[in-house]
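Those letters in the sequence shown? Residues -16 to -1, 1 to 263, per mature numbering (1 follows the signal peptide of the UniProt record, and there is no 0), in order.
For glycine and all other residues, C-beta sits at the position ideal for the given N, C-alpha and C.
Just so it is clear, the structure is predicted and the values come from calculations on it, not from any experiment.
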Amino acid sequence: MDAATLCRLFFSLGTAVDLGGTLIPSFRSNIMNYGSRNSRNSRTISAKTPNSKTALSHALEYIAEFQVPHSWFTHYYVVSVGSSLFWGYQMFRVGVGVDDDVGAGGRRLYESLTLTRPSKSRMWVGLYLIGIAYYVFMGISVVVEGAPVLNSLRPLLSLLEISTPSLKTAVAIPLFLVASAIQNDSHRYLASLKKYSLPQRGLFKHIVCPHYTSECLIYIALAIISAPPGQVFNKTVLAGLGFVVSNLGVTADSTKKWYAEKFGAENVKGRWRMIPYLY
């Protein structure tokens, strides 16, 4: 099994678990949700069905007890940056796709260190480990399909060398920069809010999680810029995007439900969860 197939298999399994997990309430509430959403759902299930838990529910509750601090999310971006730098070095040349991956991971690492507030929120250790694995596989995915091309290039390119950008570059770079700017602005706004309050500014008036929307656009840009010659997208990165969409989609849905419960359904009525006019 080659590296690209292995990456796609991991992403496909992750997507299947995300989608399948939504069909099992106890799995979703105990394993997939975290932070305020996890606490709310756990309490709701316990309060409503104290005597109707199945053996599966009990097993999932036990498994979910093994948790790590939610602040460990920062480790994801350390791994992301480290993986991108490693593969850039291995190719003897940091390609544009790797450059963007380093930029995205580096920005998120900076945001995690500077914008994240101290919190007692926790998440299941399995989610943490899957997240680490995801960023390792994504680092491979960005370069794996273009490896033969990168290996054929000179080890070092002159800093003064200027070439006409390709159509893919002309599309992907602006998309990457705009999506990154929107996501950074969203994260800064969320960090400025009182804990567990309803966002009501800018894109948040129309989308529950615009920072998730931006995340998806960033990966679309990476899929374009790291595509091998003759192809529009890097299919391995697209498989990773499927994992991202399914994972963030579940979280966006839980977030909207939590907002509706805490602030009233009318206050989130008409807001898309993550993808305007679709979801």
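Helix, strand or coil at residue i according to DSSP, with G and I counted as helix
i: residue 30; result: Because the pLDDT at residue 30 is just 45, under 50, the model does not fix this residue reliably, and the point stays unresolved.
i: residue 8; result: coil
i: residue 17; result: coil
i: residue -16; result: coil
i: residue 211; result: coil
i: residue 173; result: helix
i: residue 183; result: coil
i: residue 141; result: Per-residue confidence for residue 141 stands at a pLDDT of 47, beneath the threshold of 50, marking its modelled position as unreliable; the derived number appears in the next sentence. In this structure, residue 141 counts as coil in the three-state DSSP scheme.
i: residue 286; result: The requested residue 286 does not occur in the structure, where the chain is confined to residues -16 to 263.
i: residue 129; result: coil
i: residue 146; result: Note on residue 146: pLDDT 47, under 50, position unreliable in the model; the coordinate value appears next. Coil, per DSSP.
i: residue 216; result: coil
i: residue 98; result: helix
i: residue 203; result: helix
i: residue 241; result: helix
i: residue 268; result: Residue 268 lies beyond the stretch modelled for the chain, which goes from -16 to 263, so this question has no answer here.
i: residue 235; result: helix
i: residue 178; result: coil
i: residue 37; result: coil
i: residue -6; result: helix
Residue i - partner residues in DSSP beta bridges
i: residue 107; result: 52
i: residue 256; result: 191
Nearest-angstrom beta carbon gap, residue j and residue i [assumed within contact, 8 Å]
i: residue 272; j: residue 190; result: Outside the displayed span of the chain (-16 to 263) sits residue 272, for which this structure offers no information.
i: residue -3; j: residue 114; result: 7 Å
i: residue 112; j: residue 155; result: Going by Cβ atoms, the distance from residue 112 to residue 155 rounds to 34 Å, so no, they are not a contact pair.
i: residue 216; j: residue 206; result: Rounded, the Cβ-Cβ distance is 13 Å, inconsistent with contact.
i: residue 204; j: residue 161; result: So it is not a contact: roughly 13 Å between Cβ atoms.
i: residue 231; j: residue 2; result: 5 Å
7 Å Cβ shell around residue i - same chain, five flanking residues per side excluded
i: residue 61; result: 89, 92, 93, 96
i: residue 44; result: 10, 11, 14, 15
i: residue -5; result: 223
i: residue 152; result: 208, 209, 211
i: residue 119; result: 60, 63, 64, 67
i: residue 236; result: 192, 193, 196, 257, 258
i: residue 229; result: 200
i: residue 182; result: 243, 247, 251
i: residue 6; result: 12, 234
i: residue 55; result: 100, 103
i: residue 41; result: 10
Beta-carbon proximity list for residue i, same chain, < 8 Å, skipping 5 on both sides
i: residue 198; result: 163, 164, 166, 167, 170
i: residue -14; result: 124, 128
i: residue 30; result: Since pLDDT at residue 30 reaches only 45, below the 50 mark, its modelled position is unreliable, and the value read off the structure follows with that caveat. Closer than 8 Å at Cβ, skipping near neighbours: no residue.
i: residue 173; result: 183, 185, 186, 188
i: residue 47; result: 14, 15, 108, 110
i: residue 150; result: none
Beta-carbon proximity list for residue i, same chain, < 6 Å, skipping 5 on both sides
i: residue 121; result: -10, -7
i: residue 263; result: 257
i: residue 50; result: 109
Near the ligand COA: residue i beta-carbon under 8 Å from a heavy atom
i: residue 168; result: Only the bare structure without any ligand can be found here, which leaves the ligand COA out of the picture.
* **the stretch 218 to 225 / the stretch 240 to 252 touching (three or more Cβ pairs under 8 Å)** => Three or more beta-carbon pairs separated by less than 8 Å are not found between the stretch 218 to 225 and the stretch 240 to 252, which leaves the two stretches without contact.
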